[in-house]
Structures are given as structure tokens and as C-alpha cells.
Amino acid sequence: MDIPVGIIMGSQSDWPTMKEAAAILDELGVAYEARIVSAHRTPDRLWDYGKTAVERGLRVIIAGAGGAAHLPGMMASKTRLPVIGVPVQTRALSGVDSLYSILQMPKGYPVATMAIGAAGAANAGLMAAGILALSDPALAQRLDTWRQALSDSIPEEPRDE
């Protein structure tokens with residue numbers, strides 16, 4: 001089975017955020033794998049994941065991390081695949097530390113950075129689907145349908161809740 005998207009995160013505590021990317025991919029019918037790959041605690045796992053990603057058939061990697069948030073950038077240094085970074089909200093600095101760590105990549109190692117937290121993870125799923133849809137007309141149609149449904153769900157006039 002072709003698994004085009006890898007969802008990786010620095011720790012189990014990141015899953016409540018990162019499962020939002022998984023939920024979007026599920027909704028769009030895109031296969032993915034989810035793994036815990038810590039830049040600091042499991043560097044050999046990170047190296048292996050990045051070095052084998054292409055040969056294993058991955059086409060996009062979504063990497064979520066909090067705090068120092070080195071995972072997305074380190075993954076970008078180990079693969080030519082597009083890496084989408086999701087800053088996970090932290091208690092200490094509300095995820096701003098994560099955001100800055102992911103945004104500030106040196107030339108040559110780009111990471112597409114999403115918003116902090118669950119909305120960013122959902123958008124990462126949509127971004128990954130959009131990248132894949134460039135060469136998958138059926139997925140492009142499902143993505144168009146999803147976006148139209150979102151637009152249709154917004155009322156034209158305000159109403160009392």
C-alpha cells in the first residue's frame with residue numbers, strides 16, 4: 001500500500017495536536033503513517049526516517065514539535081521531500097518558541113511553517129493533500145469538494161447562537 005505522507009512528532013504529548021493533520025488526511029482519503037521521532041532523544045531514528053523516506057514512498061512529511069522544535073528543520077536536512085512544520089503549543093511560551101524555531105531555517109533547508117497548534121496541524125494536512133493533488137486528479141477533486149463544503153458551511157448573514 002502506498003503511504004505518501006509521514007506525520008512525525010517529537011513526543012507522545014504532541015499527538016493531540018498532530019492528530020488534527022491525521023483527521024484531515026483521513027477525511028480526504030490520504031494514507032499516512034504516524035511516528036514519534038525526537039530530534040533530541042532519538043536522533044538515530046530521525047536520521048533513518050529522513051534517509052529512507054523517499055525509498056519508502058513518502059512524498060510529504062508533516063513534522064510537529066514543541067519547545068526548541070528542532071524536528072522539522074532536522075528532517076528537512078535529511079530528505080529532499082517537502083517538510084511541513086507544525087509548532088506545538090507549549091506551556092512556557094504558548095508555542096511562540098516552537099514557531100520561531102521552525103520559521104528560522106537557514107538557506108537550503110526550507111520548512112513550510114503552519115500556525116501554532118491544532119489549526120496549524122489541520123492546515124498541514126490540507127497542505128500535504130494540496131501537494132499530492134498536483135499529480136492526483138481524484139485527490140484534487142476531493143480537496144475541491146472539501147473546500148466547497150467549508151465555504152458552504154459559512155452563513156451569509158449573522159445569527160444568534
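Residues in the sequence shown are numbered from 1 upward in steps of one, following UniProt numbering.
C-beta: ideal position from N, C-alpha, C; glycine also.
Keep in mind it's a predicted model, so treat the numbers as computed, not measured.
Rounded to whole angstroms, the gap between the alpha carbons of V5 and R35 is 11 Å.
The C-beta distance from A129 to L139 rounds to 6 Å, short enough to fall under 8 Å. Taken through DSSP and simplified to helix, strand or coil, I36 comes out as strand. Secondary structure note for A118: its alpha helix (DSSP H) is the uninterrupted segment A118 to A133. A straight line joining the alpha-carbon of G29 with that of A133 spans about 12 Å. Counting every other CB atom within 10 Å of its CB across the protein chains shown gives V60 a total of 16 or more, marking it as buried.
Check the Cα spacing between I62 and each of V37, P158, E156 and R159: the tightest is with V37.
M105 is not a Cβ neighbour of V96, given a cutoff of 8 Å. Its Cα nearest to that of L46, the residue H70 stands out among I84, A31 and H70. Residues I7, I62, A121, A124 and G125 of the same chain have their beta carbon placed closer than 6 Å to that of A21, with the five preceding and five following residues left out of the count.
The continuous stretches of alpha helix (DSSP H) do not include V88, and DSSP gives it neither H nor E.
In the DSSP annotation of this structure, the continuous segment of the beta strand (DSSP E) that includes A63 starts and ends at V60 to A65. Contact between the region 72-86 and the region 144-160 is absent: fewer than three C-beta pairs spanning the two stretches fall below 8 Å.
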